[in-house]
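In what follows, a structure is listed as structure tokens, so that the remarks can point back to it.
In the numbering used here, the protein residues as written are 2 to 399.
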């Protein structure tokens with residue numbers, strides 16, 4: 002397909018997540034921002050703030066990118082951004098900067114007019130962050146003659162509603178219904194996500210493309226690890242938000258069954274939601290016990306911790322892609338994971354798979370890995386998906 006007249010990247014998620022630990026979805030939106038800034042095609046960015054929409058040109062997007070990356074500090078908070086109460090300081094500063102950087106901005110009701118005045122007909126609107134998928138935005142894009150492309154990361158909230166934050170399932174259902182009815186193209190991060198998403202669509206199935214996410218494992222830096230954190234014997238890691246879907250309780254049960262012979266297990270991630278039973282168990286862990294909860298590590302420190310582990314454990318109930326195990330394999334670390342179709346799709350035969358109904362298979366593998374050093378060959382034979390491949394697939398369609 003020919004290049005669109007311009008591209009408009011929605012940056013609402015990146016704005017709302019300022020000051021928080023980046024998740025996989027956050028990193029995808031940042032990857033799109035970085036890639037589009039490298040290209041010469043006409044480019045704009047849009048974000049929904051508490052007081053309306055801001056439109057950024059290329060220079061404004063570059064300035065926003067530099068702040069997200071920490072190359073430039075956020076500026077002072079202005080009065081307008083302070084008006085909505087109960088928001089964190091980082092978000093207030095970020096919204097203030099976006100207003101200063103904006104090419105223009107508008108109240109919600111005037112979004113269609115702002116788009117028509119500033120973007121050429123036939124521009125491509127890219128939403129890759131699951132944010133801002135509203136009736137107002139879809140209607141404004143259609144009115145402005147845009148081609149709408151949406152990246153769906155997963156439909157886990159619809160498949161496992163019990164694992165979600167209260168009040169989030171119905172809004173997510175509405176998002177998927179809007180995408181189904183109005184998107185010109187849906188981008189899926191895996192064939193498994195496409196199959197599961199289309200099964201959840203009630204009516205129209207939009208045209209689609211599948212493009213695996215790029216896997217960019219951070220550079221390990223042992224020097225960024227807190228002193229004394231690294232265990233002196235073979236240890237295991239699990240990486241991810243401590244939420245019900247990630248199934249940390251399964252590993253806590255395994256370690257409890259092994260008793261004092263259990264190797265160190267480092268649980269790396271911040272606490273999420275709907276997981277009070279697991280939080281209670283973590284709170285009762287002895288400070289010098291085999292299981293340790295670790296949060297707040299830098300990307301480079303976490304990469305060093307993963308690279309030095311005897312193995313990464315990944316008993317997740319459901320995934321849209323599975324970035325943590327893919328990154329672990331890229332670092333040369335062995336991975337033991339739940340037997341999920343999407344993990345087979347992304348990791349191939351480089352991981353070891355075991356069903357959650359077979360805890361003894363997990364225990365045997367963990368015991369074996371604790372006694373044997375890792376074979377370094379998987380580090381060279383695992384071929385991780387790249388962002389270059391992803392964008393080659395996606396941008397020829399948008």
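Heads up, the beta-carbon is just placed ideally off N, CA and C, and yes, glycines get one too.
- When C-beta atoms of the region 147-162 are compared with those of the region 92-103, fewer than three pairs fall below 8 angstroms, so the two segments do not count as touching.
- Ranked by Cα distance from residue 343, the options 332, 327, 358 and 367 are led by 327.
- Rounded to the nearest whole angstrom, the C-alpha separation of residue 106 and residue 311 is 52 angstroms.
- Taking the CA atoms as reference points, residue 24 sits about 32 angstroms from residue 373.
- Contact between the region 191-202 and the region 333-352 is present, with at least three C-beta pairs closer than 8 angstroms.
- Between residue 150 and residue 127, the CB-CB gap stays under 8 angstroms.
- Pairwise C-beta distances place the region 250-259 in contact with the region 281-299, as three or more of them are shorter than 8 angstroms.
- Using a 10 angstroms sphere on the CB of residue 89, the tally of other CB atoms stays under 16, which defines it as exposed.
- Residue environment for residue 284: exposed (fewer than 16 other C-beta atoms within 10 angstroms of its C-beta).
- Taking the CA atoms as reference points, residue 48 sits about 15 angstroms from residue 68.
- Secondary structure of residue 98 (DSSP, three-state): helix.
- With contacts defined by Cβ atoms closer than 8 angstroms, residue 10 and residue 37 form a contacting pair.
- Under the 8 angstroms Cβ criterion, the region 166-184 counts as touching the region 198-208, having at least three qualifying pairs.
- For residue 368, the enclosing alpha helix (DSSP H) covers residues 360-372.
- Around residue 117, the same chain offers 145 as residues with beta carbons nearer than 7 angstroms, after the five sequence neighbours per side are excluded.
- Where residue 48 is concerned, the enclosing beta strand (DSSP E) starts and stops at 44-50.
- When the beta-carbon positions are compared, residue 61 and residue 104 come within less than 8 angstroms of each other.
- Look at residue 125 here: in three-state DSSP terms it is strand.
- Within its own chain, the residues whose Cβ lies closer than 7 angstroms to the Cβ of residue 137, once the five positions on either side in sequence are excluded, are 109 and 112, listed in chain order.
- In the structure shown, the three-state DSSP call for residue 283 is helix.
- Ranked by Cα distance from residue 122, the first of 398, 147 and 220 is 147.
- The beta carbon of residue 63 sits closer than 8 angstroms to the beta carbons of 38 from its chain, once the five residues preceding and following it are set aside; these are given in chain order.
- Boundaries of the beta strand (DSSP E) harbouring residue 8: 8-11, taken from the DSSP string.
- Straight through space, the alpha carbons of residue 208 and residue 397 are spaced by roughly 14 angstroms.
- Remark: C-beta atoms of residue 189 and residue 153 approach each other more closely than 8 angstroms.
- The residues 243 and 279, in chain order, have a CB closer than 6 angstroms to that of residue 249 in the same chain once the five nearest residues on each side in sequence are set aside.
- Ranked by how close their Cα comes to the Cα of residue 141, the residues 120, 129 and 131 have 120 in first place.
- For residue 77, the closest alpha carbon among the candidates 71, 66 and 94 is that of 94.
- In the structure shown, residue 33 adopts helical secondary structure according to DSSP, grouped into three states.
- Its Cα nearest to that of residue 216, the residue 330 stands out among 330, 313, 287 and 350.
- The bridge partners DSSP lists for residue 53 are 50.
- Between residue 297 and the set 233, 241 and 394, the nearest pair of CA atoms involves 241.
- Going by DSSP, residue 60 is part of the alpha helix (DSSP H) stretching over 59-69.
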